[in-house]
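For reference, the structure discussed in these notes is given below.
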Amino acid sequence: MKTIGILTSGGDAPGMNAAIRAVVRTGIYHGVRMVGIKQGYHGLINGDIQEMNLSSVADIIHRGGTMLRSSRSDEFQTEEGFKKALSILDIFGIDGLIVLGGDGTLKGARELSKAGIPTIGIPCTIDNDLGYTDFTIGFLTAVETVVEAISKLRDTSTSHGRANIIEVMGRRCGDIALYAGMAGGGESIIVPEVEFDVDEVCKKVISGRNRGKLHHIIVLAEGVGNAYDVAKKIDSKTGIDTRVTILGHIQRGGTPTTFDRIIASQMGRDAVELLLGGNSGKALGIKCNEIINLDISEALLIKKEFNKNMYETAQILSI
Ligand code: F6P
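Counted from 1, the sequence shown has number 52 at position 41 by this note's numbering; the numbering is strictly sequential.
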């Protein structure tokens, strides 16, 4: 394998840059020519490709975002777009690809591999919604951001005696809400995986208030529904002023945590060495503190399990 391309696709995630650095440096270490494809599959279709060397990835390990930029490409999912991508790979002499992103990105990698392009996927998404891996790169950084926001909200919640809903990202997955809710000591955690009863939340707000608690933090995952509707119900049923903060894309930025940098570095190296070892269609992950890889088709079939035990612990601790 003489030339390897790397791209980042879908929603960006802190730690993507650390993975890019690891991929590029490992490739160069093994004497491979490395190229960066800009703006994900969109850039692949349009031939937006640049040479990468040791210094192109200097000073990025600690930076959020992705130096290669990202996009969600509808065109890549069409037959025509996919064909264009294949011809660009041929024109640029790219023999193997490493793609960084979430489930949509991995599906793209699976298709490229089926079409005969050796491709490896690295899971990067703040959502942590891939069932085959304990953690995706970027998730724990996003959780840190939410925990910091909860601490700040708690101050003002107490000062004003309000209930505060903080809506967090995660698409249909409640992991960001669960982890941040637990670490931030949130009183209520509302996730799509567990049926939620607004009356239970109200009971908790009232019982907290009756024993002198001034704040009430409700961490709500975006997959549940509209935070403002929930706030209105709590407000009218309890009489307690209930405010909404939608944290939004702030969760996707910022300097990656140590853990995200470490798994990104390790997976980046492994991705290159898997390609050089003649593998294709593999997804990297981490299970029980071990970096693993498995067939992307198999990986995508593994259902994401919600950590009910952790949810129960958070509930017990927030009585
Ligand atoms: O997948 C990452 C994510 O941030 C989700 O949590 C969120 O639902 C979505 O992307 C937002 O997408 P966009 O940045 O395209 O609005």
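For glycine and all other residues, C-beta sits at the position ideal for the given N, C-alpha and C.
- If you ignore the 5 residues before and after S82, its C-beta comes within less than 6 Å of the C-beta of Q50, G51, H53, all in its own chain and listed in chain order.
- The region 198 to 206 makes no contact with the region 258 to 267: fewer than 3 CB pairs, one atom from each, lie closer than 8 Å.
- Put simply, the region 158 to 167 does not touch the region 130 to 140. Fewer than three CB pairs are less than 8 Å apart.
- In the DSSP assignment, P134 is bridged to G112.
- In this structure the region 284 to 293 does not touch the region 183 to 194; the number of beta carbon pairs closer than 8 Å is below three.
- Nearest Cα to M180 within the set H171, L231, G195: L231.
- Burial is judged here by how many other beta carbons sit within 10 angstroms of a residue's own beta carbon; A325 has at least 16 and is buried.
- The beta-carbon distance between L18 and L79, rounded to whole angstroms, is 6 Å. This is short enough to meet the 8 Å contact definition.
- Nearest Cα to E91 within the set N304, N57, G172: N57.
- Here the C-alpha atom of T249 lies approximately 29 Å from the C-alpha atom of N320.
- By DSSP's assignment, M45 forms a beta bridge with I15, M63.
- In this structure, I228 and G197 form a Cβ contact; the two beta carbons are roughly 4 Å apart against a cut-off of 8 Å.
- With contacts defined as CB atoms closer than 7 Å, A30 and G265 fail to qualify as a contacting pair.
- For the 7 Å CB-CB criterion, I176 and V216 do not form a contact.
- About 36 Å separates the beta carbon of G26 from that of D208, a gap too long to meet the 8 Å contact definition.
- In this structure the region 117 to 129 touches the region 294 to 308; the number of beta carbon pairs closer than 8 Å is three or more.
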